[in-house]
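Quick notes on the structure that follows.
Residue numbers (the working numbering), protein chains in the order written: chain A, 573 to 766; chain B, 573 to 766.
And the structure:
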């Protein structure tokens, strides 16, 4: 979704959702969902997968935690975001941030890992089509992050009866309960096979 | 901006921009911009930095290229997005994607590196506050990516006269000219010192 959806009517958005679903997997229909997953907070203790039919608006998920590692902050930055405030403590101290901070993309990547390891085990995997991101606060070495997720919308596809979209807000929080990343994302989710 | 801005009036958005600017750097005013930068496509050949005053709506930047490496796709995924379609060719072949694809966050990270190495050399660095992302197509090993950027809005802060926001659309394209990522981002940019 992302880019254009904000300026669109719901009808146009739904058409676009369908187009995205169409474009994303033009070669495979029905989708060969392959992963072993289990349901969270739904009184189901088996290793069931989460299908579109299992999601309801307001449903929440909480991930485990990760400690932000200074060496990884620097090595991630050296490869992907080589700016002084991500690379070197001394340079970072002289920067706008006053100290070493993680690249926003490193934060996004760590949050993704937390989600993959969490109970949000969607049949077919965690497949994001796009969304909206913000980084209200810097992520710093030593921070302990976790992700809290909430289901905002559940939208079956009208053209593809085997799938739909779950819009979620994934908020990444530090050890002080401060949001370091807020991502509202559209996830591709299969419907339960008949 | 991201999350909330799409549903807000321009006035509310501007207030929010100011709030974000305030929150992002509460400890430093004026901002100690520290980097060496140079201006692009503006008939300036010196190593000048790009300030808010240098940006105009419609201005464009083009990055260099990067070849997507299969080993990096897998190692990035092993750390940050360990799902079968990012980790292993055989498993990926059986997935919805029909072959190995890069994590969306790996694509985002590679696009960031292209921007950091490009002529978009903003005084103070490339500091994103948030934005909207989509991945219209999968990124595959062997793809040759580059980023094309366009300035969409230039907004001076009303409360902080030394800074403002440049909204850009950064489109990451593969060797076929297909967009694999579209990011509309709000960048924090300093004003030219008096």
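Cβ coordinates follow ideal geometry from the N, Cα and C atoms, glycine included.
Model, not experiment: these values are computed from the prediction.
query	result
Is it buried or exposed for residue 676 of chain B, if we count other Cβ within 10 angstroms and need 16 for buried?	buried
Considering Cα atoms alone, identify which of B/669, B/622, B/625 is closest to residue 713 of chain B.	B/669
Looking at the structure shown, is residue 718 of chain B part of a helix, part of a strand, or coil, going by DSSP?	strand
Between the segment 642-665 of chain A and chain B, which residues of the former have CB atoms less than 8 angstroms from a CB of the latter, in chain order?	648, 651, 652, 653, 654, 655, 656, 657, 663
Report the three-state DSSP secondary structure of residue 757 of chain B (helix, strand or coil).	strand
Which chain A residues sit within Cβ distance under 7 angstroms of residue 680 of chain B?	677, 680
By Cβ distance, which residues of its chain are closer than 8 angstroms to residue 759 of chain A, with the 5 residues on each side in sequence left out?	694, 698, 699, 700, 701, 737, 738, 739, 740
Buried or exposed: where does residue 603 of chain A fall if 16 or more other Cβ atoms within 10 Å of its Cβ makes it buried?	Low per-residue confidence applies at residue 603 of chain A: pLDDT is 31, beneath 50, and the placement is therefore not dependable, though the value from the model is reported in the following sentence. Classification for residue 603 of chain A: buried.
Does residue 636 of chain B have its Cβ less than 9 angstroms from a Cβ in chain A?	no
Answer yes or no: does any C-beta atom of chain B fall closer than 9 angstroms to that of residue 766 of chain A?	no
Do the segment 726-734 of chain A and the segment 657-674 of chain A meet, that is, are 3 or more Cβ pairs less than 8 angstroms apart?	no
Along the chain, where does the beta strand (DSSP E) that runs through residue 639 of chain B open and close?	632-639
DSSP puts residue 706 of chain B in a beta bridge; with which residues?	A/702, B/754
Can you pull out the residues from the segment 730-743 of chain A whose beta carbon lies closer than 8 angstroms to at least one beta carbon of chain B?	741
May I have the straight-line CA-CA distance separating residue 744 of chain A from residue 626 of chain A, to the nearest angstrom?	23 angstroms
Measure the C-alpha to C-alpha separation of residue 696 of chain A and residue 765 of chain A and round it to an integer number of angstroms.	12 angstroms
Taking 9 angstroms as the CB-CB limit, is residue 667 of chain A close to chain B?	yes
If the cut is a Cβ gap below 7 angstroms, which residues of chain A does residue 749 of chain B touch?	Chain A residues near residue 749 of chain B: none, gap ~15 angstroms exceeds 7 angstroms.
State the beta-bridge partners of residue 736 of chain B as determined by DSSP.	B/728, B/761
Using beta carbons (cut-off 9 angstroms, strictly below), is residue 761 of chain B in contact with chain A?	no
Between residue 754 of chain B and chain A, is any beta-carbon pair separated by less than 9 angstroms?	yes
Report the neighbours of residue 698 of chain A on chain B: residues whose CB is nearer than 9 angstroms to its CB, in chain order.	653, 655
Please confirm whether any heavy atom of the ligand GDP lies closer than 8 angstroms to the CB of residue 644 of chain B.	No copy of the ligand GDP occurs in the structure displayed, which carries no ligand at all.
Using the C-alpha atoms, what's the distance from residue 683 of chain A back to residue 654 of chain B?	12 angstroms
Whole angstroms is fine: what's the gap from residue 660 of chain B's alpha carbon to residue 722 of chain A's?	30 angstroms
Along the chain, where does the alpha helix (DSSP H) containing residue 670 of chain A start, and where does it finish?	Premise fails: residue 670 of chain A is in no alpha helix (DSSP H) and is neither H nor E.
As a quick exercise: from B/662, B/725, B/635, pick the residue whose alpha carbon is nearest that of residue 624 of chain B.	B/725
Should residue 687 of chain A and residue 622 of chain A be called a contact, given that it needs their Cβ atoms to be closer than 9 angstroms?	no
Could you name the residues that DSSP lists as bridge partners for residue 711 of chain A?	None, per the DSSP bridge assignment.
Span of the alpha helix (DSSP H) holding residue 658 of chain B?	656-659
Distance cutoff 9 angstroms, beta carbons only. Does residue 725 of chain A sit that close to anything in chain B?	no
Would you mind giving the Cβ-Cβ distance between residue 638 of chain B and residue 685 of chain B, rounded to the nearest angstrom? I have them listed as a contact below 8 angstroms.	7 angstroms
Once you ignore the five residues that flank residue 710 of chain B on each side, which residues in its own chain have a CB closer than 6 angstroms to its CB?	669, 673
Relative to the alpha-carbon of residue 755 of chain B, which residue among B/707, B/718, B/715 has its alpha-carbon at the smallest distance?	B/707
Under the three-state reduction of DSSP, which class applies to residue 692 of chain B: helix, strand or coil?	coil
Taking only beta-carbon atoms, is residue 704 of chain A less than 9 angstroms away from chain B?	yes
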